[in-house]
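Peer 1: One structure, as C-alpha cells, below. Some questions next.
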Amino acid sequence: MAQTLLEQDFLNKLERLSLSTRMMVKGDAGGNRKSHAKGSSVEFSDFKEYVPGDDFRHIDWNAYARFERLFLKLFTEERETVVTVFLDCSKSMDWGEPNKGFFAKQIAAALVYIALSNFDRTAVAALNQRVQISMPILSGKQSFWRALKFIDGIDFNGKTGLSGAIKSYEGLGSRSGISIILTDLFSEDGYKEGIKYLQYKKQDTTIIHIMAPQEMEPPWQDSVRLLDIEGYEYRDITIKQDVLSAYKKALDDFLSDNRRFCYERGVHYIPVSSAVGVDRVIFDSLFATGVVR
Amino acid sequence: MNFINPWGLLFGLSIPAIILLYLLKQQHEDVEVSSTFLWRMALKDVQASQPWQRLKRNLLLLLQLLAAAVITLMIARPYLASEAQGYDYVIILDVSASMQAVDVKPSRFDKAKDEINKLIDGLLPQEHMSIVAVDSKARIAANWSSDRAALKEALNSLKPVNAADNMDDAVSLAQAMAKERANARIYIYSDKPYGFDDKAYQSVVICGDPVNRAVTGVSYTASDDGIAVLSKIINFSDDAALSVECLADGKTIDVKEVNIPSGKTADVYWDDIPDNAGIIEIRILNEDDLMVDNAGWVTIRAADKAKVLLVTQRNVFLEKALSLRNDIDVLKTTYDEADDMRGYRLYIFDGYMPAETPKDGNMIIFNPKGENDLFKIGETYKPGNIKARDMSAYADIMQYVRPEGFHIAKAVHIETPPWVDVLFGDETNPLMLIGQQDTRRIAVFPFDIHDSDIPLKVDFPILMQNILAWMLPPVVNSDVQIYAGMDVDINPLPQAEYVDVIAPSGTTAALMPPFPIAPFANTDEVGVYTVEQRWSDGSAKGYFTVAIPVEQESDLTAQGKSYAQAPSRQTDAKPASRTELWPYLAWIALSIVLIEWQVYQRGY
Numbered sequence: 001m002a003q004t005l006l007e008q009d010f011l012n013k014l015e016r017l018s019l020s021t022r023m024m025v026k027g028d029a030g031g032n033r034k035s036h037a038k039g040s041s042v043e044f045s046d047f048k049e050y051v052p053g054d055d056f057r058h059i060d061w062n063a064y065a066r067f068e069r070l071f072l073k074l075f076t077e078e079r080e081t082v083v084t085v086f087l088d089c090s091k092s093m094d095w096g097e098p099n100k101g102f103f104a105k106q107i108a109a110a111l112v113y114i115a116l117s118n119f120d121r122t123a124v125a126a127l128n129q130r131v132q133i134s135m136p137i138l139s140g141k142q143s144f145w146r147a148l149k150f151i152d153g154i155d156f157n158g159k160t161g162l163s164g165a166i167k168s169y170e171g172l173g174s175r176s177g178i179s180i181i182l183t184d185l186f187s188e189d190g191y192k193e194g195i196k197y198l199q200y201k202k203q204d205t206t207i208i209h210i211m212a213p214q215e216m217e218p219p220w221q222d223s224v225r226l227l228d229i230e231g232y233e234y235r236d237i238t239i240k241q242d243v244l245s246a247y248k249k250a251l252d253d254f255l256s257d258n259r260r261f262c263y264e265r266g267v268h269y270i271p272v273s274s275a276v277g278v279d280r281v282i283f284d285s286l287f288a289t290g291v292v293r
Numbered sequence: 294m295n296f297i298n299p300w301g302l303l304f305g306l307s308i309p310a311i312i313l314l315y316l317l318k319q320q321h322e323d324v325e326v327s328s329t330f331l332w333r334m335a336l337k338d339v340q341a342s343q344p345w346q347r348l349k350r351n352l353l354l355l356l357q358l359l360a361a362a363v364i365t366l367m368i369a370r371p372y373l374a375s376e377a378q379g380y381d382y383v384i385i386l387d388v389s390a391s392m393q394a395v396d397v398k399p400s401r402f403d404k405a406k407d408e409i410n411k412l413i414d415g416l417l418p419q420e421h422m423s424i425v426a427v428d429s430k431a432r433i434a435a436n437w438s439s440d441r442a443a444l445k446e447a448l449n450s451l452k453p454v455n456a457a458d459n460m461d462d463a464v465s466l467a468q469a470m471a472k473e474r475a476n477a478r479i480y481i482y483s484d485k486p487y488g489f490d491d492k493a494y495q496s497v498v499i500c501g502d503p504v505n506r507a508v509t510g511v512s513y514t515a516s517d518d519g520i521a522v523l524s525k526i527i528n529f530s531d532d533a534a535l536s537v538e539c540l541a542d543g544k545t546i547d548v549k550e551v552n553i554p555s556g557k558t559a560d561v562y563w564d565d566i567p568d569n570a571g572i573i574e575i576r577i578l579n580e581d582d583l584m585v586d587n588a589g590w591v592t593i594r595a596a597d598k599a600k601v602l603l604v605t606q607r608n609v610f611l612e613k614a615l616s617l618r619n620d621i622d623v624l625k626t627t628y629d630e631a632d633d634m635r636g637y638r639l640y641i642f643d644g645y646m647p648a649e650t651p652k653d654g655n656m657i658i659f660n661p662k663g664e665n666d667l668f669k670i671g672e673t674y675k676p677g678n679i680k681a682r683d684m685s686a687y688a689d690i691m692q693y694v695r696p697e698g699f700h701i702a703k704a705v706h707i708e709t710p711p712w713v714d715v716l717f718g719d720e721t722n723p724l725m726l727i728g729q730q731d732t733r734r735i736a737v738f739p740f741d742i743h744d745s746d747i748p749l750k751v752d753f754p755i756l757m758q759n760i761l762a763w764m765l766p767p768v769v770n771s772d773v774q775i776y777a778g779m780d781v782d783i784n785p786l787p788q789a790e791y792v793d794v795i796a797p798s799g800t801t802a803a804l805m806p807p808f809p810i811a812p813f814a815n816t817d818e819v820g821v822y823t824v825e826q827r828w829s830d831g832s833a834k835g836y837f838t839v840a841i842p843v844e845q846e847s848d849l850t851a852q853g854k855s856y857a858q859a860p861s862r863q864t865d866a867k868p869a870s871r872t873e874l875w876p877y878l879a880w881i882a883l884s885i886v887l888i889e890w891q892v893y894q895r896g897y
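Listed in order, the protein sequences are those of chains A and B.
Sequential numbering from 1 applies to the first sequence in our numbering.
Sequential numbering from 294 applies to the second sequence in our numbering.
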C-alpha cells in the first residue's frame, strides 16, 4: 500500500478514546466495559446491607462509623466486549477521489485501535456478497499491528450484497457487542435485513456511510455513458441541469430514508465524505453521535 | 416572397440530416461510476434517456438547424418584387463597332454583357428570355429559354463586330418575338439611347465619356505629276493635334501633325507617293477609345487592262465611245482578218457575226448578219415608234437613256431567245436585247447604228458606258465604299474557274466554285481584301477595302432613334429590379455560425 493507513501521531490521539455502547456488556473476560455483574473494580455502583456470607473486605467502614450498621460497597464489574468492524470490500468501494476504500480502511484501522486500546476484543470482516475474509478475534494493543496488516491486505472486488453477507458472518456468538459497518450502502439486496439481524444478535450497530465527493456532486456533463464499476449495467444519459437536480433529489431521498430507518431501529447512522480526513470522522462525526467518547 | 431558385429548398433536407447526425453521433464519454443505483432513481423522474429529449436544449443543435434553415432560404434566393408575376424578356444586344469602345471598362460590350448576365442570374424559373444580337442584321442568339446556363453560353459566344447596327431590324424582330408572349419586356443594351413611349421597352445605355477620332475616307488621283492621296480625318472629341501617318504597302511615307477642332473634319493631302504603290493606308497614331476606326485604306494598284476585240469595217462612233475608257485595250480588226478569236474579255461585232461565237468573253453585237449559234436573223423592216420596255433585270443599263427620242431607219427581225430581255423596241420588235448565257454577257442591237440618229444623241455615250460597265465589271465595284458587315458582290471574269477572297488577316474563303457566285458576306474585318481569280492558264487579282461605317459608329456619343411618337427619355433606365434577399441571409447565416462557434468555445 502506497500510503500508510494511519500516522503514529494520530494513533496517540486515539488512545484517549473508547467506543461507547448504550447496552451493558455481557461477557466472561474482565475488561474495560461495565457489566451487569457487580464486582471488583474501581467504579462505585451501590450500597447494600451486609448479610453473612458477603465479602467482608467490601464493608464500608466509614458508613458503619456514621450509621453503626454494616454496609457493603458495590462496584460495577468492568467486562471486555467484542467490537466487530464490517468493511464493505465490494468493487464499488474502490472508487472516488479520494478513494472510498482507502478511507474506509483508515476508519477501520482507527476503530480497531480504539477498541484494542480499551481492552475490547476486536474482529474485522471484509464483506462483498458474502464474507470475503475475516480476521479472528484479537485482543490487546499488541495485536493492533496484526489487525492493521489484515486491514491493509483487503482487496476490493465483487458485487455488494450487504444483508446476505452480514447474515452469513458467524463470528458474532450469542453475546452482545458492538458492530460498526463501513459501507457505501450500494447493496444489491439492501442492508436493512442485515441490520435487523445484527440487532437480533444484540449488537450495538453503527453504520458509517462513506460517499465520494463525486457521488455527491457529479462532475460530468453532456452525453456520458455511465458504467457501473461492479458491472451491472451501463446507462447513456445526457447530463443537464434537470438531470443533476433529479440526481440530487434521489441522493437526498436515499440519505433521508437511511436516516429514518436507522433512527427507528436505534442504529447510529453517520454519512461521511471520503474527502474529509479520517481524524474529522473520528473526532467530529463519531464523537458527536457518541459512538466514541 | 418568391424564389428565384425553388430547387434550392431541397437543401432543407440538411435539417433532418443534421438531427439524424446528432442522434447517431451522441458520442458518449465513458464514465465509470461506483453504482448506477442513484442514477436509476434520478432518471425515473427525468426521461432523459429518450433520444429526442437529449436534443432538447442543445443550443449548438438549435443554432445549426437555424443556420441550415437560413442557408436553405439563401440558396432558394428569395426576392421581393413589386410585381410578383414573371416576365418574358427579349434582350437586344448591340454588337456593332462602337460597342468595342473602351470608355467604359473593360469595354462597352463587356459591360453590357455583365448587365445582361445579372439579368439572367435574376431570371425566375417561369421566366423566359430571348437574346437578339444586332449588327448589320439582327439575329437570334437565344430563343425563349429559361435555362440560365444556356442563355449565358449564348450570350458569351457573342462578340462585337465592326459593322454598324441595324436597330430597326432588331426592334421589329423583337416586337415580332414579343407578340408571342403575354407579358414581354424588350430591353435594348446599346451605347445609344433609344426612346420608347411604351413601358414594356427599356433602353439601357452603356456609355462613358468617350474620346474618338476616325479616318472617314481615303481616295487618290493619278496624274502626270504622280499619285496624290486625299484623306479625311474627323474629330468627335475636343480640339486636338493629331499625328497622322501615311503608309504605302506597309512602309511609312510621311507623318503629319494635324490640328482638328472639335467636331470638324480635316482634309489631309499626301504626295510623294511612289508610282508603284499598291495599297495606301492612312492611320491616326493617337490613341482613343475606339481604335478600329483609326485607319483607312485605298488601293491604287490598277487591275490588268481588259482586252477588247472590235470587229468592224469602220465605225467612228463606236471607236469614239470605246476610247472614253482608259482601262481597256481595244484591238480593231476587219471582217476578213477576224479569225483567231480567243483571249478577249469583250468582243464587239459590228455588222458581222461569226458562225461560232467565242465562249471566253462577253459580246456586243450591232447589226448581226449570217448564220450563228445564238439566234435566228429574219427580214429587214422599218421600226415604228421606239419605246423603253420596263420590268427588266437589266434596267440599270438604261439609266439616263431615253430611247423614245431614237429614230431608226431599218432593222432586222430577230427571233428572241429565252435568255434575253428586251430593253427597247418598237410596238412589236425588239431593238435592244440583253442577256446572259452561262457566264457570257451579250448585248444585241439588230440595226446598224449608221441607220439611226442614236450616235448623234447625247444618250449614246451614256448607253455605251453603261453597257461597257456591265460588260467589263471591276471585280468589286469600287465606286461604293464597302463597310464592315455589308455583302460584297464579286464579279468574276468569264473565264475564271476559281475565285478566292483573302481577308486582311490572311484567311482565305473560296467563293467559286460553285457557280453562280454568292455575294461575299464575311466582311467583318476592316482593311484590304484580295480577290484572286484563277483559270487554267492564268490568274488575276483584284482588291477592295472594307472600312468601319464611320458615320453610324464612330461618333461614340451618338443618339439612337426614337421609336415613339412622343419620345420618352428613358435613357440609362435600369431594368425592373427585384430586391434579392440572399446577401442579407448570407450575413445572418454567417452571424449564426459565429455565434455557434462562440457557444462551442464556451462549451454550453
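Glycine included, every Cβ here is placed at the ideal spot set by N, Cα and C.
1) Under 8 Å by Cβ, that's how I've got B:ILE433 and B:ILE409 pegged, so tell me the actual separation to the nearest angstrom.
2) Counting only the same chain and skipping the five closest in sequence on each side, list residues whose C-beta sits under 7 Å from that of A:LEU148.
3) For the beta strand (DSSP E) containing B:ASN528, name the first residue and the last one.
4) Note down, in chain order, every chain B residue with its Cβ under 9 Å from the Cβ of A:PHE254.
5) Find the residues of chain A that neighbour B:GLU322, judging by a C-beta separation of less than 9 Å, and give them in chain order.
6) Can you find a C-beta in chain A that's less than 8 Å from the C-beta of B:SER342?
7) May I ask which residues mark the beginning and end of the alpha helix (DSSP H) holding A:GLY375?
8) Cβ of A:LEU172 within 8 Å of Cβ of A:THR289?
9) So, at 8 Å on beta carbons, what are the nonlocal neighbours of B:GLN357 in its own chain, with the 5 sequence-adjacent residues on each side left out?
10) Determine the chain B residues that contact A:ALA250 at a beta-carbon separation under 7 Å, and present them in chain order.
11) For B:GLU420, tell me which candidate among B:ALA475, B:TYR776 and B:SER429 has the shortest Cα-Cα distance.
12) For B:ALA859, does the count of other Cβ atoms within 10 angstroms reach 16, so buried, or fall short, so exposed?
13) Do B:THR558 and B:THR838 have their beta-carbon atoms positioned less than 8 Å apart in this structure?
14) Using a Cβ-Cβ cut-off of 6 Å (strictly less than) and excluding sequence neighbours within five positions of B:ILE499, which residues of its own chain qualify?
15) Hey, quick one: how far does the beta strand (DSSP E) through A:PRO136 stretch, first residue to last?
16) Return no unless some Cβ of chain B is closer than 8 Å to the Cβ of A:ARG235.
17) List in chain order: all unbroken alpha helix (DSSP H) runs of 4+ residues lying wholly within the stretch 232 to 276 of chain A.
18) Between the stretch 746 to 759 of chain B and the stretch 688 to 706 of chain B, are three or more C-beta pairs nearer than 8 Å?
19) Residue range of the alpha helix (DSSP H) that B:ASN410 falls in?
20) Could you compute how far the alpha carbon of A:THR206 sits from the alpha carbon of A:ARG259?
21) Mind pulling the chain A residues with CB within less than 9 Å of B:GLU325?
22) Which class does B:MET646 belong to by DSSP, given the choice of helix, strand or coil?
23) Need the endpoints of the alpha helix (DSSP H) that B:LEU417 sits in, please.
24) Apply the 10 Å Cβ neighbour rule to A:THR238 and answer buried if 16 or more other Cβ atoms are within range, or exposed otherwise.
25) Can you tell me whether B:GLN863 is buried or exposed? The criterion is at least 16 other CB atoms within 10 Å of its CB, across all chains shown.
26) Whose Cβ in chain B lies nearer than 9 Å to the Cβ of A:VAL272?
27) If A:TYR169 sits next to A:ALA125, beta carbons under 8 Å apart, how far is it from one beta carbon to the other, in whole angstroms?
28) Note down, in chain order, all residues in the stretch 81 to 93 of chain A with a beta-carbon under 7 Å from any beta-carbon belonging to chain B.
29) For the stretch 815 to 861 of chain B, which segments carrying the alpha helix (DSSP H) assignment without a break, of at least 4 residues, lie completely within its bounds, in sequence order?
30) Going along chain B, which residues have a C-beta under 9 Å from A:ASP46?
31) With DSSP collapsed to three states, give me the class of B:PRO299.
32) Can you tell me whether A:GLU7 is buried or exposed? The criterion is at least 16 other CB atoms within 10 Å of its CB, across all chains shown.
33) Return the bridge partner residues of A:MET211 from the DSSP annotation.
34) Would you decide whether B:GLN692 is buried or exposed? Buried here means 16 or more other CB atoms lie within 10 Å of its CB.
35) For B:PRO748 and B:ASP462, I'd like the C-alpha separation in whole angstroms.
36) Nearest chain B C-beta to A:ASP184 closer than 8 Å, yes or no?
Peer 2: In short, the structure shows the following:
1) Wrong, their Cβ atoms sit about 15 Å apart, outside the cutoff.
2) Closer than 7 Å at the Cβ level, and outside the excluded window around A:LEU148, lie LEU5 and ALA109.
3) 519 to 528
4) Taking a Cβ-Cβ threshold of 9 Å, the residues of chain B close to A:PHE254 are PHE330, LEU331 and MET334, in chain order.
5) Listed by position along chain A, the residues whose Cβ is nearer than 9 Å to that of B:GLU322 are TRP220, ASP222, SER223, VAL224 and ARG225.
6) With a pLDDT of only 48 at B:SER342, under the threshold of 50, the placement of this residue in the model should not be trusted; the figure read from the coordinates follows. Yes - at least one Cβ of chain A is within 8 Å of the one on B:SER342.
7) Because chain A in this structure spans residues 1 to 293, residue 375 of chain A falls outside the shown range and cannot be described.
8) It is not a contact, given that the beta carbons lie outside the stated cut-off.
9) If we look at B:GLN357 and ignore the five residues flanking it on each side, its Cβ neighbours are ILE311 and GLU889.
10) LEU331, MET334 and ALA335
11) B:ALA475
12) Residue placement at B:ALA859 is flagged as unreliable, the pLDDT there being 39, under the threshold of 50; a coordinate-derived value is accordingly withheld.
13) Between B:THR838 and B:THR558, the gap from beta carbon to beta carbon reaches 8 Å or more.
14) Within the same chain, B:ILE499 has close Cβ partners VAL397, ARG401, LYS404, ALA405 and ASP484.
15) 131 to 138
16) yes
17) 241 to 265
18) yes
19) 401 to 414
20) C-alpha separation (whole angstroms): 12 Å.
21) Chain A residues near B:GLU325: TRP95, LEU226, LEU227, ASP228 and ILE229.
22) coil
23) Premise fails: B:LEU417 is in no alpha helix (DSSP H) and is neither H nor E.
24) buried
25) Low per-residue confidence applies at B:GLN863: pLDDT is 42, beneath 50, and the placement is therefore not dependable, though the value from the model is reported in the following sentence. Result: buried.
26) Simply none; closest approach about 15 Å.
27) 5 Å
28) SER92
29) 843 to 846
30) Under the 9 Å cutoff, chain B gives no residues; its nearest Cβ is about 52 Å from A:ASP46.
31) Correct three-state label for B:PRO299: helix.
32) exposed
33) A:SER273
34) Residue environment for B:GLN692: exposed (fewer than 16 other C-beta atoms within 10 angstroms of its C-beta).
35) 47 Å
36) Cβ-Cβ to chain B under 8 Å: yes for A:ASP184.
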